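> In my numbering, the protein residues as written are -2 to 222.
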Ligand code: ADP
Ligand code: ADP
């Protein structure tokens, strides 16, 4: 079955409809981008998948499970959201180890997993630094390492490169692509940048005004017939 099955989902804030009867299936191992202008419902959809917000109507299933009320950290989901800042009082290594500690992984195993994750984002030399000693791009790499250290089956990213300059964004896009291949997990990536969506994704869901207007490969969506 699908990794994510969103069926007839709506989200209302009072009288305002943020998401209007949205349906979408994301296949296991797929890299899916949510593309669309600001306010079109991308983040709302991601928050619903992550379980950070309750839906108003419809259903979301992750694998065989309805998301119901399983607490966010009990699900096998990694998140890199702009508001999910690093813990400033913890070193890079401690930040990355945090989700493993939450899951009760023994120390020796944890250390090995943290080392591997830091290698994947090329920050092994920064393990004992604090976030404030790192550049914005390095901090986002730490956030990425923290999100993938427990090899989540699903990785959710919300404009993780939005605050970075173009050159660094391109470097990190390649890293994210490589990590996707290595992990084999399902990735959902929110962006308002069409070029970024085209570079990264297997398929793109195009959001507009709380609806998904089109879903397809970059080739399907943006090549003239
Ligand atoms: P996007 O991620 O595409 O920029 P969002 O999903 O963040 O869009 O927002 C969709 C719409 O829902 C926007 O109009 C936004 O203002 C509104 N919205 C989001 N969160 C809330 C909230 N907590 N209360 C009221 N309105 C909200
Ligand atoms: P809550 O306090 O909502 O139960 P958790 O226990 O899941 O949240 O996590 C506590 C804090 O740790 C959260 O506020 C979040 O900032 C951070 N956190 C937990 N897991 C992650 C993760 N995988 N990536 C980033 N931050 C995380």
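Beta carbons: idealized from backbone N, C-alpha and C, even for Gly. Remember, it's a predicted structure, so these values are computed and weren't measured experimentally.
1. Could you tell me whether any non-hydrogen atom of ligand 1 is closer than 7 Å to the CB of residue 36?
2. Is the closest heavy atom of ligand 1 to the C-beta of residue 33 under 7 Å?
3. What do you get for residue 97, buried or exposed, if any count of 16 or more other CB atoms within 10 angstroms of its CB means buried?
4. Rounded to whole angstroms, what is the Cα-Cα separation between residue 62 and residue 47?
5. For residue 120 and residue 138, I'd like the C-alpha separation in whole angstroms.
6. Taking Cβ to Cβ, would you say residue 1 is nearer than 8 Å to residue 183?
7. Thinking just about the alpha-carbon of each residue, which of 26, 15, 9 and 3 is nearest to the one in residue 174?
8. Tell whether a beta-carbon distance below 8 Å holds between residue 19 and residue 42.
9. Can you give the Cα-Cα distance for residue 114 and residue 45, rounded to whole angstroms?
10. Note down the Cα distance separating residue 72 from residue 164, rounded to an integer number of angstroms.
Judging by the given coordinates:
1. yes
2. yes
3. buried
4. 13 Å
5. So the alpha carbons of these two residues sit roughly 8 Å apart.
6. The Cβ-Cβ distance between residue 1 and residue 183 falls below 8 Å.
7. 26
8. yes
9. 27 Å
10. 34 Å
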